[in-house]
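The block underneath contains the structure these notes are about, expressed in structure tokens.
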Amino acid sequence: MTATAPNEPALSDAAAAVTSAAAQVSGVRAISDGFVRAVTPAGDVVPVTGPAAEAGIDRGTAGAVAVSVSVVVDYPRGIPAVADAVRVAARAALHDIGLHADEVTVTVVDVFGPFDTVEPGRATISASGGATAGARDV
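Just add 3 to the spot in the sequence shown (first one is 1) and you have the numbering used here.
This is the structure:
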């Protein structure tokens, strides 16, 4: 683990700031941990997202950080435009706490639209394979 300079925010604070900023971007339905949809034994496709999904932050070069955030985008929003807005929001959030990002990677892991019946992060797959509402149960 790399120690932080005395006046430099912790990486966990940076991750929380970026996660919050990305979640506020118009067109972002959810911040994801990357595991988004699953198929139950009954053949139902359900969204499955961890309740504590957060941006990843790594210490980069010369005091900068590298950011990685996965999002679910609202349909019919333009995926490139939403990803660009997330990058801008992430850089601004880091700037506000005194950090600079030399890299911001945005991964769109899913699209949420009128065809979806359950919000991302609201369904789970139980050990028996059935879909339920609530926190992840796997």
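Beta carbons are placed, not taken as given, at the ideal position from N, Cα and C, and that holds for glycine.
Please read all numbers here as calculations on a predicted model, not as lab measurements.
In the same chain as A25, and ignoring 5 residues on each side of it, the C-beta atoms closer than 7 Å to its own belong to V31, I34, A58, V72, V74, V89, A92, A93, in chain order. 8 Å or more divides the Cβ of E106 from the Cβ of V76. Here the alpha carbons of A17 and I100 stand approximately 8 Å from one another. Relative to the Cα of V111, the nearest Cα in the group I82, P123, A67 belongs to I82.
Annotation for A86: V109, V111 place their beta carbon closer than 7 Å to its own, counting only its chain and skipping 5 residues before and after. Its Cα nearest to that of D61, the residue H103 stands out among A95, A84, H103. DSSP, read as helix, strand or coil, puts A56 in coil.
Counting along the chain, T64 sits inside no beta strand (DSSP E), nor does DSSP assign it H or E at all. Minimum Cα-Cα distance from F118 among the listed residues H98, P79, A95 corresponds to P79. The DSSP-derived three-state label of V85 is helix. Selection T120, G116, V28, G63 evaluated against A84 yields V28 as nearest (Cα-Cα). Selection V121, T120, L14 evaluated against G66 yields L14 as nearest (Cα-Cα).
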